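Peer 1:
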Amino acid sequence: MQSLIEKIRQGKFSDFPGGVHPPQRKTLSNQTPIAKLPLPQRLYVTIKQHIGVEGHLEVRPGDMVLKGQPLTKSMNPFAVPVHAPTSGEVTTIAPHVSAHPSGLAEMTIEIRPDGKDEWIALAPLQDYQNQPKLKVIERICHAGISGMGGAGFPTHIKVSPKKNVEFLVVNGVECEPYISSDDRLMREHAWQIRQGIDVITHLLNPKHVLIAIEDNKPEALHAMQVACQENPDYVVCSIPTKYPAGGEKQLIQVLTGREVPNGGLPIDVGIMMQNVGTCFAIADAIFTGKPLIQRVVTLSGECFDKPGNVWALLGTPVSHLLQQGQYQPKRQRSRQLIMGGPMMGFNLVSDQVPVVKITNCILAPTEREMVQADEEQPCIRCSACADACPASLLPQQIFWHAKAKELDKAGEYNLFDCIECGACAYVCPSQIPLVHYYRVAKAEIRLQEEEKHQADKARERFEARKLRLEQEKAEREEKHRQAAEARRKALEQQESTTGNKVSAAVARAKARQQTQAAKEETPASDKVAAAVARAKARKARQEQESTSRDKVEPGEESKQDKVASAIARAKAKKAKQENASTAPDQAESPTGEQQTKASAGLNQTRESGAEPSEKQPAGDMAPSKDTKAARVAAAVARAKARKAAADQDKDQKLSPAPESASPTVALEVDEEKKQRVAAAIARAKAKKRVGVSSTDKQQDKSKS
Amino acid sequence: MSLRIASSPHQHSKRNTGSLMRLVCYCTLPGFAAQLWFFGWGTLFQFIIAVAVALGTEAAILELRKKDFEKALSDCSALLTALLLALCLPPLTPWWITALGAFFAIGIAKQLYGGLGHNLFNPAMVAYVILLVSFPVAMTSWLPPQQLMQQGYGLLDSLSLIFTGYSNEGYSLNQLRSGADGFTMATPLDSVKTDIDLGLTVEEAMAKPQFHEGTGVGWFWINLAYLAGGLVLLKAKVINWHIPLSMLLAVSVTAGFLHLMSPDLYASPWFHLFSGGTMLGAFFIATDPVSASTTNLGRLIFGASIGFWVVIIRTYGGYPDAVAFAVVLMNMSVPLIDYYTRPRTYGHKARR
Ligand code: SF4
Ligand code: SF4
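So the protein lines, in turn, are chains A and B. The first sequence: position 189 = 189 (this note's numbering), numbered continuously. The second sequence: position 146 = 850 (this note's numbering), numbered continuously.
(1) Take Leu71(A) as the anchor and find which of His189(A), Leu292(A), Gln328(A) has the nearest alpha-carbon.
(2) I want to verify the contact list: residues of chain B whose CB lies under 7 Å from the CB of Asn347(A), in sequence order.
(3) Leaving out five residues before and five after Gly821(B) in sequence, what residues of the same chain have Cβ atoms less than 8 Å from its Cβ?
(4) For ligand 2, enumerate in chain order all residues having a CB closer than 7 Å to any of its heavy atoms.
(5) Give me the Cα-Cα distance between Gly55(A) and Ile358(A), rounded to the nearest whole angstrom.
(6) Just reading off the beta strand (DSSP E) that Ile111(A) is part of, what are its end residues?
(7) To the nearest angstrom, report how far apart Pro1039(B) and Thr999(B) are at their CA atoms.
(8) Determine the DSSP secondary structure at Gly819(B), reduced to helix, strand or coil.
(9) Where do the N-terminal and C-terminal ends of the beta strand (DSSP E) with Trp311(A) fall, by residue?
(10) What's the C-alpha gap between Leu363(A) and Met344(A)?
(11) Any Cβ of chain A within less than 8 Å of the Cβ of Asn1035(B)?
(12) With 8 Å set as the bound, which would you pick, yes or no: does the beta-carbon of Asn262(A) sit closer than that to a beta-carbon of chain B?
(13) Return the bridge partner residues of Lys1053(B) from the DSSP annotation.
(14) Along chain A, which residues have their Cβ under 7 Å away from the Cβ of Leu1004(B)?
(15) Is Pro77(A) buried or exposed, if buried means 16 or more other CB atoms sit within 10 Å of its CB?
(16) Counting only beta-carbon separations shorter than 8 Å, does His716(B) have a partner in chain D?
(17) Please say whether Gly341(A) and Pro85(A) have beta carbons closer to each other than 8 Å?
(18) Verify the contact flag: Cys379(A), CB atom, against every heavy atom of ligand 1, threshold strictly below 7 Å.
(19) Within its chain, find whatever has a CB closer than 8 Å to the CB of Met224(A); leave out the 5 residues flanking it on each side and keep chain order.
(20) Closer than 8 Å by beta-carbon distance: list the chain B residues that pair up with Asp374(A), in chain order.
(21) Please list, in chain order, all residues of the same chain as Leu748(B) whose beta carbon is under 7 Å from its beta carbon, the five residues on each side excluded.
(22) Could you give the C-beta distance for Gly805(B) and Leu789(B), rounded to a whole number, given that I count them as a contact under 8 Å?
(23) Run down chain B in chain order and give the residues with a C-beta less than 8 Å from the C-beta of Asp15(A).
(24) Report yes if the CB atom of Phe743(B) is closer than 8 Å to the CB atom of Pro849(B), and no otherwise.
(25) Using 8 Å as the limit for Cβ to Cβ distance, is Asn414(A) near chain B?
(26) Return the chain-ordered list of same chain residues with a C-beta closer than 7 Å to the C-beta of Ala813(B), the five sequence neighbours on each side being excluded.
(27) Taking only heavy atoms of ligand 1 into account, decide whether any of them is closer than 7 Å to the Cβ of Pro429(A).
(28) Helix, strand or coil for Arg25(A)? Go by DSSP, reduced to three states.
(29) Could you spell out where the alpha helix (DSSP H) holding Ala1008(B) opens and where it closes?
(30) Any idea what DSSP makes of Lys290(A), helix, strand or coil?
(31) Which residues does DSSP list as the beta-bridge partners of Thr898(B)?
(32) Any heavy atom of ligand 1 inside 7 Å of the beta-carbon of Ser383(A)?
(33) With a 10 Å radius around its C-beta and 16 neighbouring C-beta atoms as the bar for buried, classify His21(A) as buried or exposed.
(34) Since Pro433(A) and Pro17(A) should fall inside the 8 Å C-beta cutoff, what is the C-beta to C-beta distance between them, to a whole number of angstroms?
(35) Roughly how many angstroms lie between the CA atoms of Leu467(A) and Arg481(A), to the nearest whole one?
(36) Do Asp1042(B) and Ser1009(B) count as a contact pair if the criterion is CB distance below 8 Å?
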């Protein structure tokens, strides 16, 4: 290992494959010191400016806030708070166009500055070396620091890793053309950056600290060397200028010759990367107690009369910056603003977009500067793109498959290892917007996976339901069978009772005969016999009565059947209206049996509901209350049916169920799909914008 | 305020397909000039015929396919195809053969496959092979270099020969081809091959007047000129070094191996490198982006295989030159080569 650090100290670096050399154009903006700006009219502080979840809102419209006052609070490890960039009044909290390729509106706190620029009481962390590390990390979190190089990954999570860090790499490469914010920051605040590095070093205890700067920034190199000279463990590395040398993976390859394994993180090869801007912000947070409320933004491009770097408060709308840089829109035939660099930046949809923590540059180029790509021509398979690709991909093959929508093949060619650096599209002689194709393909693949996942879940649900329905059906059939059995028995019994009657009649006749005979013949003994016969007859009558009471029950049942069928009719009608496709057969004259079908149809959304309706026919309803009860039951059934239908609607919305409801849902999904593709593309862009000067992408993957 | 939205990158290198193709065309100029110097004006007329037919065919087909042909023609790919074909044809080939070739190249080998970027084979070479198989005599009727000829022939003679088959003085092509001794003078490659078949040694075969210091008169300079043009292409990063280098190395190694085995039976690597279309093939034909391999390793394999086949076909095959055959043969294997030579992506383990 000694040899590796020796090599690095001697300035012997590895190289990464590919790469391009677009015109640098850094002198346009790096000649003047970072300028301070007057306060803008309004500030738009986007609540979520990092990767993760937004913090909990702490203010309400109308509140007066002081500069540096937290506007949101971190409730969870992935939440990073935002702070008031100046003192003033919170006017509204509402969606506002965001610093995102899609320009989607995001929740934003609008602040009207009061012009006093009054700080909240600041509490520096004294003597951080003797404080528990957790406290330092907490301080970094509460200062709202997330990676400022690109992705905006919460810094406090990065600086509390589980594995040992061999190399802490401070990324000051800034390989994108035009941008010079890190350059100026290093030139002017090298010392504070070093303090920030000290803090991170204290937290991580890396074996070596490398500060990487491209060799086209000699002043910055010198400044950092001077700032770090007391500390021999800090190696300032001047690396060859080549785009995208500042990409996290590429920089690691240049410095150490190692590759971050596929699907892994830099920490897996013992490396942790931080951007110089992040180091600066950490020093601010620890030594002065100031949260992250401003950053250096480069204003460049030939449409600015006063290009240069400025300290922009987070939330400053771009229009304010344009004004300060004396933007001349007349020089652009079609107006175009880029946030970020020419290789990986994105076009702004509005000049009201606010500066966020990862905004490093606003570019307003003339047409002459940035030649608009001609119309796309066919790929001639020259593989200039493959020669330029730093990830050693075959862009032309991925493009081929992406265009043909053979997404699995595109994936096979490692589409997801593309860092969207744009080197391939930069060199492509056929002017194919390759990166655009990749973004779309990636978004589509993600969407497909999501859909598949959902379809799987829906299928599981569907199958479980089918099983349940079958079980219930079987149970019901069993019940019916038993009921039928019972009825049959009752009938048999009735028949046998009729037999009893006959015999009773016979007995009575006999008894009468006997009485008569007794009267005629022997009255005394006859009387006895008559008494016996009476007793018998009474007994027989009693028996008969008890059976005939039995007989009443079937009668009651038929009444109850009527009630049930009324309920069923009501239900069926409702169900038919609201949910025709669910149980198509229930529309026909609902008899007792079909009623169960109807309830089966409703059953899918309402399990408990089925029970009472089944109990009723078996029921203990008093015959006298028949009609009233029937009405009540019907009303209940209607209500239930309505609720069931509503439930089911909701259910369908939640999950595109593959059966009954699919046509409408499929339509919906189709439409949604488009929106989602757009959103996903936008997300993908934002996420990957990242990069090149990024130091913070590191744990990006662990999130996604 | 409406803002223009485009996908990153917003910057683009100045290079486009048309400018690349034109650059390739310019770099053939030294070789083109050398060919004119040694073989007269014929090649120029072939070029004109081929370009006219090629562009006409391309425009007509694109029109049929309802595409914007003006834009497509501006990519200059048809121009380059026609140029390469013209450079490969014997200078005094009858006009209709050239025209047919150009039509084949664009109409069949290129557009039928789906146009630029979709063709599996190098269009110029496919046309050349078809012509060679169909009209073997005409396609091998190279005149000796002017410097060795008894009767010279000028601009008008060439024109007349191409369009009528006879020179202004009424000589036929065959009469012109006859050397001082009344024998037909074949190209150096052809001549060496026939002589070896007749039982002569390489050295004896090279004793003829069309040889000079182990290579054919004129051909040496022509190849040298293409080499120079090719080096410019390399310098301008229009082509990669992989294909030319591996091809030339393979030619040298294969020829060298055979030559070492039997110097009498097999010509030297030097002879192979500077005869026929070796240099033209190595720098301008095998490097055709569309039909060549696209991975670095693949390019090495592709180039080396062409070099190998060139020597083998020249030595054992029925036709005198072999660049076209070798290129077409290897074009067929490109998809396979590309598939198995995919580079290792960053962060991935080496495959299998
Ligand atoms: S650079 Fe463009 S034309 Fe060349 S292979 Fe790549 S995608 Fe095709
Ligand atoms: S954008 Fe992707 S494919 Fe293109 S060069 Fe960069 S990493 Fe390679």
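Positions of the beta carbon are idealized from the N, C-alpha and C atoms, including for glycine. Since this is a predicted model, take the numbers as computed values, not measurements.
Peer 2: Quick answer:
(1) Leu292(A)
(2) Leu707, Arg708, Ile709, Ala710
(3) Val994
(4) Gly18(A), Cys385(A), Ala388(A), Cys389(A), Pro390(A), Ala391(A), Leu393(A), Pro395(A), Ile398(A), Cys418(A), Ile419(A), Glu420(A), Cys421(A), Gly422(A), Ala423(A), Cys424(A), Ala425(A), Leu434(A), Val435(A), Tyr438(A)
(5) 17 Å
(6) 105 to 113
(7) 11 Å
(8) coil
(9) 308 to 313
(10) 12 Å
(11) no
(12) yes
(13) According to DSSP, which records beta bridges pairwise, Lys1053(B) is partnered with nothing at all.
(14) Those within 7 Å of Leu1004(B) in chain A number zero; the least Cβ separation is about 13 Å.
(15) exposed
(16) No chain D appears in the structure shown, which is made up of the protein chains A and B.
(17) no
(18) yes
(19) Gly172, Met186, Ala190, Ile193, Arg194, Ile211, Ile213, Val236
(20) Asn720
(21) Leu740
(22) 6 Å
(23) Within 8 Å Cβ-Cβ: nothing; Asp15(A) doesn't reach chain B, min ~13 Å.
(24) yes
(25) yes
(26) Asn823, Phe825, Pro827, Val830, Ala831
(27) yes
(28) coil
(29) 1000 to 1020
(30) coil
(31) None; Thr898(B) has no bridge partner.
(32) yes
(33) exposed
(34) No, Pro433(A) and Pro17(A) are not in contact; Cβ-Cβ is about 22 Å, not under 8 Å.
(35) 21 Å
(36) no
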